[in-house]
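One structure is given here, and the rest of the page talks about it.
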Amino acid sequence: QKEVEQNSGPLSVPEGAIASLNCTYSDRGSQSFFWYRQYSGKSPELIMSIYSNGDKEDGRFTAQLNKASQYVSLLIRDSQPSDSATYLCAARNAGKSTFGDGTTLTVKP
Amino acid sequence: ETGVTQTPRHLVMGMTNKKSLKCEQHLGHNAMYWYKQSAKKPLELMFVYSLEERVENNSVPSRFSPECPNSSHLFLHLHTLQPEDSALYLCASSQEGGLAGGPLLDNEQFFGPGTRLTVL
Chain V
1 QKEVEQNSGP LSVPEGAIAS LNCTYSDRGS QSFFWYRQYS GKSPELIMSI
51 YSNGDKEDGR FTAQLNKASQ YVSLLIRDSQ PSDSATYLCA ARNAGKSTFG
101 DGTTLTVKP
Chain W
1001 ETGVTQTPRH LVMGMTNKKS LKCEQHLGHN AMYWYKQSAK KPLELMFVYS
1051 LEERVENNSV PSRFSPECPN SSHLFLHLHT LQPEDSALYL CASSQEGGLA
1101 GGPLLDNEQF FGPGTRLTVL
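Chains as they are written, first to last, in the numbering used here: chain V, 1 to 109; chain W, 1001 to 1120.
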């Protein structure tokens, strides 16, 4: 079992739709969770961080965390073609970061 | 310069060469990291430095040698690499340390643009 597992892609949604990205983690000691966006050939860019159970909203992005279920998700509302990228989920514990394989999202005009 | 910078952006080297990758962070952070990203593989943590002390070494081959002379600079010295070492090498930094009296939280990491390394 991978330490951080993301829903296998690629994921394709039409412009304006909601894109839902999911992530589960195995290390119960993980306290901090992050979503990064990575365009092809570029480095990861932080888009959301979440530390407590519940929802955290930032513009069109909402991160959800459920530590009991060891589950993190990212919702992108009103998806735009510019959101097309690979999204990486990361869990951190005591300085160590573990990343998922990433989910590639394509938003079609 | 702002954020995290890396040089060179692209590097092609032979298996017998010695080269170094440089990373500099302008964010005042106290922790720096080296990651390797190969095609079709997740990001792999290689080294972690916190307050200039190495705190993590994830079974990385000795042909990779990190150096952290101060909290703003991080190097990765390369020698006798193999073709399978070709990858994107990413540097990141973060500000670590918890709230007084509270739990220690791992904060967000900020990545540099990466060095695309090709070993012939």
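Yeah, the Cβ is synthetic: ideal placement off N, Cα and C, and Gly gets one too. Predicted model only: the values in this text are computed from it and were never measured.
**OP:** Kindly indicate if chain V contains any beta-carbon less than 8 Å away from that of E1053 of chain W.
**Re:** no
Original post:
Per DSSP, which one or two residues make a beta bridge with E15 of chain V?
Top reply: The partner list for E15 of chain V (beta bridge, DSSP) is empty, contrary to what the question assumes.
Original post:
Any beta-carbon of chain W closer than 8 Å to the one on S49 of chain V?
Top reply: yes
Original post:
Looking at C-alpha atoms only, which residue of W:M1015, W:H1029, W:E1024 and W:S1020 is the closest neighbour of E1108 of chain W?
Top reply: W:H1029
**OP:** Would you identify the three-state DSSP class for P1066 of chain W, choosing helix, strand or coil?
**Re:** Correct three-state label for P1066 of chain W: strand.
Subject >> Straight-line Cα distance separating N53 of chain V from F1110 of chain W >> reply: 23 Å
**OP:** Please confirm if S1050 of chain W has its CB atom under 8 Å from at least one CB of chain V.
**Re:** yes
Original post:
At a Cβ threshold of 8 Å, is N1030 of chain W touching chain V?
Top reply: It does not: the Cβ of N1030 of chain W has no partner Cβ on chain V nearer than 8 Å.
Original post:
Would you call S82 of chain V buried or exposed, if buried means 16 or more other Cβ atoms sit within 10 Å of its Cβ?
Top reply: Under this definition S82 of chain V is an exposed residue.
Original post:
Per DSSP, T86 of chain V forms a beta bridge with which residues?
Top reply: V:Q38 and V:T104, per the DSSP bridge assignment.
**OP:** Would you kindly report the start and end of the unbroken beta strand (DSSP E) that includes N1057 of chain W?
**Re:** N1057 of chain W -> beta strand (DSSP E) spans E1053 to N1057.
Original post:
Going by the CB atoms, is the gap between F99 of chain V and V13 of chain V shorter than 8 Å?
Top reply: The answer is no: Cβ separation not under 8 Å.
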